[in-house]
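Visitor: Note that the protein sequences, when read in sequence, are chains D and W.
Numbering-wise (our numbering), the first sequence opens with residue 1093 and increments by one.
Numbering-wise (our numbering), the second sequence opens with residue 1093 and increments by one.
This is the structure, below, for whatever I ask next.
2 protein chains.
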Amino acid sequence: MKPVRVGLLGLGTVGTGVVRIVEGNQEDLSSQVGSPIIISKIAVKNSDKSRDIYIDPAILTEDPWDVIRDPEIDVIVEVMGGVEQTKAYILEALEQGKHIITANKDLMALYGSEILAKAQEKQCDVFYEASVAGGIPIIRTLIEGFSSDRILKIMGIVNGTTNFILTKMSKEGASYDDVLQEAQELGYAESDPTSDVEGLDAARKMAILGTLGFRTNVELKDVSVRGISQVTKEDIAYAKRLGYEMKLLGIADRDDEHISISVQPTMVRRSHPIASVNGVYNAVYVYGEAVGETMFYGAGAGAMPTATSVVADLVAAIKNLKLGVNGLKAIVPYKQKKLKDDEQIKYKNFILLHVDDKAGVLAQITQAFAQFDVSLESVVQQPNEHNPYAEIIIVTHDASKASMNKVLEHFEGLAVIRTIKSVYRVEG
Amino acid sequence: MKPVRVGLLGLGTVGTGVVRIVEGNQEDLSSQVGSPIIISKIAVKNSDKSRDIYIDPAILTEDPWDVIRDPEIDVIVEVMGGVEQTKAYILEALEQGKHIITANKDLMALYGSEILAKAQEKQCDVFYEASVAGGIPIIRTLIEGFSSDRILKIMGIVNGTTNFILTKMSKEGASYDDVLQEAQELGYAESDPTSDVEGLDAARKMAILGTLGFRTNVELKDVSVRGISQVTKEDIAYAKRLGYEMKLLGIADRDDEHISISVQPTMVRRSHPIASVNGVYNAVYVYGEAVGETMFYGAGAGAMPTATSVVADLVAAIKNLKLGVNGLKAIVPYKQKKLKDDEQIKYKNFILLHVDDKAGVLAQITQAFAQFDVSLESVVQQPNEHNPYAEIIIVTHDASKASMNKVLEHFEGLAVIRTIKSVYRVEG
């Protein structure tokens, strides 16, 4: 039977994984799609570079346009990364009627709607399972598995680097800087870790998950983002004492039709299934109106897990190709986006204050919460042995972000409060 | 646009859930499939029965054939249960060119291959996501999400009743009989609980998962089954002391092309993600050659979670209907089945022995393991304060089932061993 020809843009770790799987599982893959799958051209930066796997030099090119404009190629797998130039490649490939598999979350978070619109116009598939949570098939789960349900909340540990750092800080009582350095040495964090540790990578993934889960166009600018670089080992120790684990959580939720999406270090109650997701693993917790609590766990990165998702998408695109239905099953976000304002965004908060150690302080503080309509779940005041101030640890009930901002602003002007040491969202 | 007409067989809790979702989420569902979805006929046992939801009496019938032979109906949703008669309904519906959504694990485990063959002949869809692990979309995950990978191991907590019982025994130190009675009172266990507690329900689900995961025809008779009715609170206490949780696990694994599938109470190391799946929740752990460890967690039963999966299947079948590709994407198990023999089936074992409390006993016992080539991970001998015998607790390394059987047979003839108190598989 006539083989299906696939062009690969990029031959780094994920690209190499794709080649390994397509070659290693060829019999199984071709039995599923009904014909052999051949990777017939690969764009690389340097075609003379030595590689871990054997690649016929004749199929390598240093010019991506060679791949994109090859009339024999039906499907393009993009694993080269990058945004602006890569977008140009993808749009031209779609123009040529080629189907796209990409692992590129930056591209999809920034230009997903433009790319998907072009795909629809050209009746092409664009699949991007590998762009969120590596080997976890969360995108098809949201599109197909929960097509029937109203998803109310998605919480994700979708960045392995920060989960590795927070897990290590929690288990070893180590400081952020020390663990970051270790993560960099192990290759789990980049030499410039900003995108990971400041939550930007997670925010991009949450924009994708929010778009799919709520069927509206979530953009990166809709995601409020706070990273983990200010999380101290003391904060984590407090979290643990209160029965929480500190996690960088992406949280997308909706009430009626209003949604909010955020990424922030969050104290998660230990009994919640996502609290025990450790190390570089990822997990996405989905709460649906009908299905209730579900969670999907697995490797969030790494060559082979990511390549698993890429090749699963490739199989899906080729099946559609054989049936002549590419591009006809695309989910188009159809709901008007309504973002929650700060009055509508509600969650529990942990607050750690350093205050003067004298009579009446606690009364002033609790009064401020009452004044702005924030009710409290627990308040603990304790003297700090080594310092001339007392610590007050407060956990609120669900409170609006607007009210909490007013409380914190009020605290800035209270003389008895020396420092607002930490404020964290609390879940579970 | 012309609505799609759906016939429902059964209007129990799941059927009612299906009606609720189809009506409640109609706008969202019809925007996905491109036309309204109407449940136009429902077969019930008693059409005069009062119900939780309003159903137009005109669409009720007490004769399933009315639904199956209605020429206006495109898709049949079977949530009535039963095997032999239900199979006849389904085969006739397929004969009439109707697509089938079923939540019936018994039917699919026993007659899945016959039904899927008929579906292929008539180019019809048969989807059965709800038959395994309720609201968890594990079937599409195995078929689509991991289409690219070689799955090496599947471990499932796929029966909520037994997980509820074992969780309760573990947390409260309660006995099997007491907890079973409580589960029956709460409606989590049937008055005749045999199918659940003896592992048959889990075995049926594992036959389905094994078929999909290994792409070969696993039949119910291929699954070795042991239930939880002999698990004592003492066994669970031992498990916990050693760092394990007792779970009824379905385990399907393969080496090369040889597979084995079993269901048995298993001691799972507490650090394994499946060990912390508690209560009526289900989870399926999948280990793939490329993707590594993954786990999928959620409600395994209940009206709304199960109905979520049924309606997601319905959406998929209707999308295919609109595209004219029903029945063309069915996965046909194509590999010849090769079952492992007892020499090839290998795992760790926990063994609890009551032995004479005298010199040389431990030597005799450890010698027996050595003789049959079973190496040991740990051995603890302890006097039992209340009894005139000693206890020996052994955990083996991976050992073949054949060797373990020889060891246990040899123990039967050893005078110093009073009782082989417990033997469990160990995982994690």
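For every residue, glycine included, the Cβ atom is placed at its ideal position computed from N, Cα and C.
Write down every uninterrupted run of the alpha helix (DSSP H) in the stretch 1306–1372 of chain D whose length is 4 residues or greater and which is fully enclosed by it, in chain order.
Guide: 1325–1333, all fully within the stretch 1306–1372 of chain D.
Visitor: Quick one: which chain D residues come within Cβ less than 7 Å of G1380 of chain W?
Guide: The answer, in chain order, is T1400.
Visitor: Terminal residues of the continuous alpha helix (DSSP H) containing Q1124 of chain D?
Guide: From DSSP, the alpha helix (DSSP H) with Q1124 of chain D extends over 1118–1125.
Visitor: Mind pulling the chain D residues with CB within less than 7 Å of R1241 of chain W?
Guide: In the sequence as displayed, the identity of residue 1241 of chain W is Asp instead of Arg. By Cβ distance, chain D contributes T1400.
Visitor: Answer with buried or exposed for R1296 of chain W, where buried requires no fewer than 16 other C-beta atoms within 10 angstroms of its C-beta.
Guide: R1296 of chain W is buried by the Cβ-count criterion.
Visitor: Would M1172 of chain D pass as an interface residue toward chain W - the criterion being a Cβ-Cβ separation below 8 Å?
Guide: Chain W, which has no Cβ nearer than 8 Å to the Cβ of M1172 of chain D, makes this no.
Visitor: Please check if any C-beta of chain D sits within less than 8 Å of the C-beta of L1420 of chain W.
Guide: Cβ-Cβ to chain D under 8 Å: yes for L1420 of chain W.
Visitor: With burial defined as no fewer than 16 other Cβ atoms inside 10 Å of the residue's Cβ, what is the status of G1107 of chain D: buried or exposed?
Guide: Classification for G1107 of chain D: buried.
Visitor: Could you check whether the Cβ of M1093 of chain W sits closer than 8 Å to any Cβ belonging to chain D?
Guide: So no, M1093 of chain W is outside the interface.
Visitor: In chain order, what residues of the same chain lie with their CB nearer than 6 Å to the CB of S1316 of chain D, ignoring the 5 residues before and after it?
Guide: Correct list, in chain order: S1354.
Visitor: Can you find the residues in the same chain that come closer than 8 Å, C-beta to C-beta, to V1096 of chain W, ignoring five residues on each side of it along the sequence?
Guide: Around V1096 of chain W: V1125, S1127, P1128, I1129, I1130, D1166, V1167, I1410, L1413.
Visitor: Put V1224 of chain D into one of helix, strand or coil per three-state DSSP.
Guide: Of the three classes helix, strand and coil, the one that applies to V1224 of chain D here is coil, per DSSP.
Visitor: Name the residues in the stretch 1367–1393 of chain D whose C-beta lies less than 7 Å from a C-beta of chain B; which are they?
Guide: No chain B appears in the structure shown, which is made up of the protein chains D and W.
Visitor: Taking all protein chains shown into account, do 16 or more other C-beta atoms lie within 10 angstroms of the C-beta of K1450 of chain D, making it buried, or fewer, making it exposed?
Guide: Exposed.
Visitor: Relative to the C-alpha of Y1426 of chain W, which candidate in D:A1275, D:V1447, D:S1123 has its C-alpha closest?
Guide: Of the candidates D:A1275, D:V1447, D:S1123, the one whose C-alpha sits nearest the C-alpha of Y1426 of chain W is D:S1123.
Visitor: Locate the beta strand (DSSP E) running through Y1439 of chain W, then write down its first and last residues.
Guide: Looking at the DSSP string, the run of the beta strand (DSSP E) that includes Y1439 of chain W is 1438–1448.
Visitor: Can you give me the C-alpha to C-alpha distance between E1184 of chain W and E1213 of chain W, rounded to a whole angstrom?
Guide: Going by the C-alpha atoms only, they are around 13 Å apart.
Visitor: Taking only runs that begin and end inside the stretch 1452–1494 of chain D, name each unbroken beta strand (DSSP E) of 3 or more residues, in chain order.
Guide: Counting only runs of 3 or more, we get 1468–1475, 1481–1488.
Visitor: At 4 residues or longer, what runs of the alpha helix (DSSP H) sit wholly inside the stretch 1239–1275 of chain W?
Guide: Entirely contained in the stretch 1239–1275 of chain W, the alpha helix (DSSP H) runs reaching 4 residues are, in chain order, 1252–1264.
Visitor: Quick check: is the beta carbon of R1232 of chain W nearer than 8 Å to any beta carbon in chain D?
Guide: So, interface residue.
Visitor: What three-state label does DSSP hand S1142 of chain W in the structure shown?
Guide: Of the three classes helix, strand and coil, the one that applies to S1142 of chain W here is coil, per DSSP.
Visitor: Do you know offhand how far A1375 of chain W's Cα is from G1394 of chain W's?
Guide: Distance between the alpha carbons of A1375 of chain W and G1394 of chain W: 15 Å.
Visitor: Which same chain residues end up closer than 8 Å to V1289 of chain D when comparing Cβ atoms and leaving out the 5 residues on each side of it in sequence?
Guide: Closer than 8 Å at the Cβ level, and outside the excluded window around V1289 of chain D, lie T1253, T1254, I1257, L1272, A1281, G1319, I1320, S1321.
Visitor: Can you list, in chain order, the residues of its chain with a C-beta nearer than 7 Å to that of E1337 of chain W? Leave out the 5 residues immediately preceding and following it.
Guide: Hits under 7 Å: S1262, A1331, V1360, R1362, A1367.
Visitor: Tell me the DSSP bridge mates of H1191 of chain W?
Guide: DSSP output for H1191 of chain W lists W:V1167 as bridge partner(s).
Visitor: Tell whether a beta-carbon distance below 8 Å holds between I1423 of chain D and A1382 of chain W.
Guide: Not closer than 8 Å, so no.
Visitor: Could you tell me which of D:M1387, D:D1465, D:V1323 sits nearest to V1515 of chain D, measuring between CA atoms?
Guide: Measuring from the Cα of V1515 of chain D, the nearest candidate turns out to be D:V1323.
Visitor: Measure the beta-carbon distance from V1499 of chain W to I1485 of chain W and round it to whole angstroms, keeping in mind my assumption that it falls under 8 Å.
Guide: Between I1485 of chain W and V1499 of chain W the Cβ distance is about 15 Å, and since that is not below 8 Å, they are no contact.
Visitor: Under three-state DSSP, which class holds S1132 of chain W?
Guide: Of the three classes helix, strand and coil, the one that applies to S1132 of chain W here is strand, per DSSP.
Visitor: Let me know the secondary structure DSSP gives I1423 of chain W once reduced to three states.
Guide: In this structure, I1423 of chain W counts as coil in the three-state DSSP scheme.
Visitor: Am I right that S1492 of chain W and K1438 of chain W are in contact with their C-beta atoms under 8 Å? What's the rounded C-beta distance?
Guide: Sure, about 5 Å apart at Cβ, within 8 Å.
Visitor: Run down chain D in chain order and give the residues with a C-beta less than 8 Å from the C-beta of A1404 of chain W.
Guide: Within 8 Å Cβ-Cβ: E1236, G1237, F1238, S1239, S1240, D1241.
Visitor: Please report how far the alpha carbon of L1431 of chain W lies from the alpha carbon of I1351 of chain W, in whole angstroms.
Guide: Distance between the alpha carbons of L1431 of chain W and I1351 of chain W: 5 Å.
Visitor: Drop a sphere of 10 angstroms on the beta-carbon of I1182 of chain D, count the other beta-carbons inside from all chains shown, and report buried for 16 or more, exposed for fewer.
Guide: Result: buried.
Visitor: Nearest CA to the CA of P1149 of chain W: which residue from W:K1133, W:A1209, W:E1349?
Guide: Closest by alpha carbon: W:K1133.
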